[in-house]
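Here is the structure we will look at.
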Amino acid sequence: MPLKQTLGKPDTSGRLIKWTVDLSEYDISYLPRTTTKSPGPSRFRLRSNGGSPGGNSQNEKWLLHVDGSSTIQGSGASIVITSPEGEDLEFAIKFGFKASNNEAKYKALVAGMKMAHEVRARHLLAYSDSQLVLKQIEGVYEAKEKSMVQNIQQIAKLRTSFESFQIIQIPREENAKADCLSRLASALEDCRTRHITIQYLPNPRAALTV
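Okay, so the sequence shown: first residue is 1 according to UniProt numbering, each after it adds one.
Shown next, in the form of structure tokens:
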């Protein structure tokens, strides 16, 4: 199924937005970004075994690359979900409030896991370039901030939605796709041919407007 059709279906796009915006303690207002149609539009298929999307084989792992960025201009996060066929689904989330770099990376992981579940991924392999986030999730480092503890608890709950889940730390240079999206404002030229959904969070507890 073409990516555009997948996101254009009311049931699919609506659920994706709902799952993405429900980042535990606040909502996201959804602002679609129009992009120039590139030659040969990407196709994002939901594979199935026995008619069930998402696949049931360990070989059918979905990949999730996430990143977060906090600069003087603002904060944002990015999610790149790759299907077993190698097709990418990309999202950029812009925060309308100040967030630390680590918080942005946590929010990206939470949103990415929700999206992966919504497209019915069963086996998910996540990548992040944040050693702190991974070590806190694994319990090696103690998370003292309340917001970080809440994020860790939510991630622990979300991982039960998958038959298998693993998160791996990678060098920043190997996380280029997600890094590009998290720095969308400055890297827009490099991303101009991609189909990207941009969302805006006006404040931590903003009401959802679609």
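Note that beta-carbon positions come from the ideal geometry of N, C-alpha and C, so glycine has one too.
In this text the structure is predicted, and so the values were computed from the model without any measurement.
9 Å Cβ cutoff met for residue i and residue j
i	j	result
ASN102	SER130	yes
GLN169	LEU134	yes
GLY68	ALA99	yes
ALA121	ILE81	yes
ALA111	ILE137	no
ALA116	GLY76	no
HIS65	SER128	yes
ASN151	LEU109	yes
LEU63	ALA143	no
Neighbour-count burial assignment, residue i, 16 or more Cβ in a 10 Å radius
i	result
residue 237	There is simply no residue 237 to check, as the chain begins at 1 and stops at 210 in what is shown.
ASN203	exposed
residue 211	For residue 211 there is no data in the structure shown, the boundaries of the chain being 1 and 210.
ILE72	exposed
ALA156	exposed
VAL119	buried
PHE162	buried
LYS114	buried
PHE91	buried
Sheet register partners of residue i (DSSP bridge)
i	result
ILE72	In the DSSP output, where bridge partners are listed per residue, ILE72 has none listed.
SER83	Answer is none; SER83 lacks a bridge partner.
Residue-chain proximity (residue i, chain C), Cβ-Cβ < 9 Å
i	result
ASP67	Of the protein chains in this structure there is only one, and it is not chain C.
Entirely enclosed beta strand (DSSP E) segments - the stretch 85-173, minimum 3 residues | 88-95, 123-128, 164-169
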